[in-house]
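*Asks:* First, the structure itself, so that you have it in front of you.
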Amino acid sequence: MTTFMFKHKDLDYTPVSNIFIDKYMPKAEGTYIKVYLLGLRYCIAGELGINSGSISSMLNLSEEEILIAWEYWNKEGIVNITQIDSMGNYSIEFLNLIKLSNKDMSTNNSSITYELEDSSIKDMMHDIEKLLGRPLSSKEMSMYLSWQKDFNYTPEIILLLIQYSISKGKTDYRYIEKIAITWHDAKIRTIDDAQNFIKKHEDKWLNIKKILKYLGVQGNEVMKPQEQILEKWINVYRFPLDIIYKACDICFERINKADFKYIDAILNNWFKANIKTLEDIEKKDTLRSGYKKNNYYNNSRNDSFNNYEQRSYDYDELEKKLLGWDNND
Numbered sequence: 001m002t003t004f005m006f007k008h009k010d011l012d013y014t015p016v017s018n019i020f021i022d023k024y025m026p027k028a029e030g031t032y033i034k035v036y037l038l039g040l041r042y043c044i045a046g047e048l049g050i051n052s053g054s055i056s057s058m059l060n061l062s063e064e065e066i067l068i069a070w071e072y073w074n075k076e077g078i079v080n081i082t083q084i085d086s087m088g089n090y091s092i093e094f095l096n097l098i099k100l101s102n103k104d105m106s107t108n109n110s111s112i113t114y115e116l117e118d119s120s121i122k123d124m125m126h127d128i129e130k131l132l133g134r135p136l137s138s139k140e141m142s143m144y145l146s147w148q149k150d151f152n153y154t155p156e157i158i159l160l161l162i163q164y165s166i167s168k169g170k171t172d173y174r175y176i177e178k179i180a181i182t183w184h185d186a187k188i189r190t191i192d193d194a195q196n197f198i199k200k201h202e203d204k205w206l207n208i209k210k211i212l213k214y215l216g217v218q219g220n221e222v223m224k225p226q227e228q229i230l231e232k233w234i235n236v237y238r239f240p241l242d243i244i245y246k247a248c249d250i251c252f253e254r255i256n257k258a259d260f261k262y263i264d265a266i267l268n269n270w271f272k273a274n275i276k277t278l279e280d281i282e283k284k285d286t287l288r289s290g291y292k293k294n295n296y297y298n299n300s301r302n303d304s305f306n307n308y309e310q311r312s313y314d315y316d317e318l319e320k321k322l323l324g325w326d327n328n329d
């Protein structure tokens, strides 16, 4: 069993650096985060150490998973792990994230200064500042430079991406970064790819807004599940707007309100029935009405026959009367 020895500060609470939350936590696995926070809690509380069995019991993790988690944080450079004996025991030191961040920033600034010696990069940064209407921070510059290296984005693609963000009324670098990641995941590599993606995305949202307006729903009131349903109607089922409007009308007629699940059920049935036009819907309704009408008459005849009070006969007595055998004279 492994024991981890902590170099600690004695406090009655566990301060977690915002740098850890902002920079390291989002990309780490949940098990790694739990091990880090529990270790930090014991370190701050003044515990000399805790064995892996106790951590395993508290976090419901195997001892191997715990050791892997510490190795992960060691590689990230926010803890120092040193083996202190041949029994598999370790000393763990939690590093000062503020000092690390300042060091990284200094390194990044030096790197950015070097990169800006390239005239094309310098021009790109200048153009971005003009688009955003403000100077760029070193963090933003570093982000744009990373897109060139990691995503293989040209300055033209980066500028188009920022123009697209601005058209949405968004200039925050976090929003811009999300779009960049979305474009990369969508395998956008050229200006043509980007322009096609924008057109497709804009066309989708234009249709979504039309449907929402028809339903009397505000765009900011739509949650992610509803957005996915709308995308299915448009991109998967490929229904034209008049078909979707018809399903909305039927929903209003039947339950007197807009209900995404009810409309979705109607469109699911139409998709399965290969309905593509309003004429197809009319034909389907005509066939259904004819079936109901015929079924009604058939049921009426059957009911009339079944409801008729049938007479019962004594066939032996009837035969006697016909032959005159009932006359005893």
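UniProt numbering puts the first residue of the sequence shown at 1, with every later residue one more than the last. Each residue gets a CB set at the ideal place from its N, CA and C atoms; glycine is no exception. All of these numbers come straight from a predicted model, not from anything done at the bench.
If we ignore side chains and look at the alpha-carbon of each, how far apart do CYS251 and GLU129 end up?
*Replies:* One C-alpha to the other measures close to 50 Å.
*Asks:* Hey, is the segment 54-62 in contact with the segment 119-129, meaning 3+ C-beta pairs nearer than 8 Å?
*Replies:* Flag = no, the segment 54-62 and the segment 119-129 do not touch.
*Asks:* Span of the beta strand (DSSP E) holding ASN51?
*Replies:* Segment 49-51, the beta strand (DSSP E) holding ASN51.
*Asks:* Would you check if the distance between the CB atom of ILE176 and the CB atom of SER165 is smaller than 7 Å?
*Replies:* Yes, these two residues count as a Cβ contact at 7 Å.
*Asks:* Starting from ILE229, trace the alpha helix (DSSP H) both ways and give me its first and last residue.
*Replies:* Its alpha helix (DSSP H) spans residues 224-231.
*Asks:* Going by the C-beta, is GLY133 closer than 6 Å to any heavy atom of the ligand NAD?
*Replies:* Among the components of this structure there are no ligands whatsoever, and the ligand NAD is therefore not found.
*Asks:* Is VAL236 buried or exposed, if buried means 16 or more other CB atoms sit within 10 Å of its CB?
*Replies:* Answer is exposed; the Cβ neighbour count stays below 16.
*Asks:* According to the Cβ coordinates, are THR14 and ILE44 closer than 7 Å?
*Replies:* Yes, they are a contact pair.
*Asks:* How many Å lie between ILE121 and MET141 at the Cα?
*Replies:* Whole-angstrom Cα-Cα distance: 10 Å.
*Asks:* In three-state terms, what does DSSP make of ASN256?
*Replies:* Correct three-state label for ASN256: coil.
*Asks:* So the beta strand (DSSP E) ASN80 belongs to, where does it begin and stop?
*Replies:* Start and end: 79-83.
*Asks:* Within its chain, find whatever has a CB closer than 7 Å to the CB of GLY88; leave out the 5 residues flanking it on each side and keep chain order.
*Replies:* THR2.
*Asks:* Counting only the same chain and skipping the five closest in sequence on each side, list residues whose C-beta sits under 7 Å from that of MET25.
*Replies:* Around MET25: ILE33.
*Asks:* Evaluate ILE188 with the Cβ neighbour count: other Cβ atoms within 10 Å of its Cβ, from every protein chain shown; 16 or more gives buried, anything less gives exposed.
*Replies:* Buried, since its Cβ has 16 or more Cβ neighbours within 10 Å.
*Asks:* So, helix, strand or coil for SER91, using DSSP?
*Replies:* Correct three-state label for SER91: strand.
*Asks:* Counting pairs of Cβ atoms below 8 Å between the segment 278-288 and the segment 252-265, do you hit three or more?
*Replies:* Too few Cβ pairs lie closer than 8 Å, so no.
*Asks:* Measure the beta-carbon distance from residue 330 to ILE78 and round it to whole angstroms, keeping in mind my assumption that it falls under 8 Å.
*Replies:* A query on residue 330 cannot be resolved here, the shown segment of the chain reaching from 1 to 329 and no further.
*Asks:* Using CA atoms only, rank isn't needed, just tell me which of ASP242, THR190, VAL16, ARG41 is closest to TYR153.
*Replies:* TYR153 has its Cα closest to that of THR190, out of ASP242, THR190, VAL16, ARG41.
*Asks:* Could you say which of LEU160, TRP183, LYS170 lies nearest to ASP150 if we only look at CA atoms?
*Replies:* It is TRP183 whose Cα lies nearest to the Cα of ASP150.
*Asks:* Would you mind stating whether TYR214 and TYR245 have Cβ atoms separated by less than 7 Å?
*Replies:* Yes; because the gap between Cβ atoms is below 7 Å, this pair is in contact.
*Asks:* Can you tell me the Cβ-Cβ gap for LEU160 and ILE179, rounded? I've got them flagged as a contact below 8 Å.
*Replies:* Not confirmed; about 11 Å, so no contact.
*Asks:* Apart from the five residues just before and just after ALA135, which ones in its own chain have a Cβ nearer than 8 Å to its Cβ?
*Replies:* Looking at the sequence shown, residue 135 is not Ala but Pro. Excluding residues within five positions, the ones whose Cβ falls inside 8 Å are GLU129.
*Asks:* Among the candidates GLU29, ILE92, ARG238, GLU63, whose CA atom is the shortest distance from the CA of THR277?
*Replies:* Minimum Cα distance to THR277 is reached at ARG238.
*Asks:* Counting C-beta neighbours from all protein chains within 10 Å, is the total for ALA265 16 or more, i.e. buried, or is it exposed?
*Replies:* Looking at its Cβ environment, which holds fewer than 16 other Cβ atoms inside 10 Å, ALA265 is exposed.
*Asks:* In its own chain, which residues sit with a C-beta less than 6 Å from the C-beta of PHE271, not counting the 5 before and 5 after it?
*Replies:* Around PHE271: TYR237.
*Asks:* The alpha helix (DSSP H) spanning GLN195 covers which residue range?
*Replies:* Taken as a continuous stretch (DSSP letters only), the alpha helix (DSSP H) holding GLN195 covers 191-215.
*Asks:* Tell me whether THR3 sits in a helix, a strand or coil according to DSSP, three-state version.
*Replies:* Looking at THR3 - three-state DSSP - the assignment turns out to be strand.
*Asks:* Starting from GLY133 and walking both ways along the alpha helix (DSSP H), at which residues does that stretch end?
*Replies:* From DSSP, GLY133 is part of no alpha helix (DSSP H); its letter is neither H nor E.
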